[in-house]
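Each remark here refers to the structure printed beneath this line.
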Amino acid sequence: MIYFNAPFSFYCKTVLAKKIRLAARRKQRRRKGKSPGKEIPEKRFTGVKMGNYVITIARGYGSGGKQIGIQLAKELGIWLIDKELLQMASVQSGINEELFHLADEKLRMNIFRLLQARQHIGNVLSPEHRLFVSDVNLFNYQAKILRRLAESESFVVIGRAADDILKDYPNVLSVGIRAPFEDCVGSIENRAHLDRRAAEKDVKTTDRYRAEYYKFYTGKDWNDPVNYDLCLNSSRIGRDKCAAVIRSCLLEKLGVGK
């Protein structure tokens with residue numbers, strides 16, 4: 073396997089992208105004759121087919137979780153999936169990619185509309201459904217792709233409630249990475265060239281978005297360590313050592329990642 077972190081045009085040349093396009097065509101053919109608004113049931117996980125594995129990383133903003141994920145993907149020679157998931161979901165659904173970016177790890181609808189749409193979490197909706205382009209259906213497409221990939225590919229995925237989406241998969245190691253607030257603010261100050269007040273606001277706002285998003289789609293507390301196999305404080309351990317600890321845990325749990 074090769075580590076990927078390139079524009080999506082490169083991915084379209086891969087076997088995975090071809091699989092997704094073919095699956096989308098088959099799905100369109102199956103839709104013919106379906107009644108408007110019908111939900112499309114998903115095939116559930118049936119077991120590890122190729123000895124592949126997945127590392128999910130939930131991260132506090134400024135904790136270095138994404139950088140740790142990038143390092144892991146490089147060291148293990150597997151894919152890194154972050155914004156690429158939004159691109160894949162857009163290709164499969166035919167929904168404008170910009171809508172996926174707007175809804176990425178945020179809740180945009182008012183409470184009434186969110187509660188109305190909540191009943192559709194889990195299964196993608198057909199194009200005829202009035203909620204086809206709702207945030208919930210955008211989430212459903214991302215979840216569907218993650219489940220499909222987890223059955224045949226090895227990768228690191230950043231955020232997007234992936235730990236909960238794949239919680240029933242035996243080939244997954246879920247990791248939560250956090251750091252003290254002051255350290256996260258300092259990291260964002262340096263990375264984004266912001267002043268202290270702006271960096272503090274950025275960290276608080278982004279973490280609130282992520283926590284609300286996670287709560288809505290999973291019903292769980294994003295900060296609860298019980299959600300993860302492994303929780304790490306990147307400030308105390310160090311980002312490089314975090315990657316080493318994750319690899320060690322991957323070896324212990326799944327027997328891979330040497």
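Its first residue numbered 73, the sequence shown is counted upward by one per residue in the numbering used here.
By construction, the Cβ of each residue, glycine as well, lies at the ideal position given by its N, Cα and C atoms.
query                                                                                                           : result
Other residues of its chain near Ile193: CB distance less than 8 Å, five sequence neighbours each side excluded : Val208, Phe211, Asn212 and Tyr289
One or two residues paired with Arg131 in a DSSP bridge                                                         : Ile249
Three-state class that DSSP yields for Arg102 in the structure shown                                            : For Arg102, the pLDDT reaches just 49, beneath the cut-off of 50, and the residue's location in the model is therefore unreliable, leaving the point undetermined.
Val228, buried or exposed, once every other Cβ within 10 Å from all chains shown has been counted against 16    : buried
Distance cut-off 8 Å: Tyr133 Cβ against heavy atoms of the ligand PLP                                           : For the ligand PLP, the structure offers nothing, since it holds no ligand at all.
For Leu302, the three-state DSSP class (helix, strand or coil)                                                  : strand
Cβ-based neighbour list, Ala234, same chain, cut-off 7 Å, excluding 5 preceding and 5 following                 : Thr128 and Leu218
Coarse secondary structure for Leu144, derived from DSSP in three states                                        : helix
Unbroken stretches of the alpha helix (DSSP H), 4 residues or longer, contained in the stretch 189 to 223       : 207 to 222
Nearest neighbour of Gly149, chosen from Leu203, Asn124, Asp274 and Ser307 [CA to CA]                           : Asn124
Ile309 to Glu200 span [Cα, whole Å]                                                                             : 50 Å
Buried or exposed (CB count within 10 angstroms, at least 16 for buried), Ser291                                : This sequence places Gly at residue 291; Ser is not what is there. Gly291 comes out exposed.
Exposed unless 16 or more other CB atoms sit within 10 angstroms - verdict on Gly16                             : Since the first residue of the chain shown is 73 and the last is 330, residue 16 is not available in this structure.
Under the three-state DSSP convention, the category Ile150 falls into                                           : coil
Nearest to Glu254 (by Cα), restricted to the options Ala270, Gly327 and Lys239                                  : Ala270
At least 3 beta-carbon pairs within less than 8 Å: the stretch 312 to 323 vs the stretch 137 to 156             : yes
First through last residue of the alpha helix (DSSP H) which encompasses Val163                                 : Glu156 to Ser165
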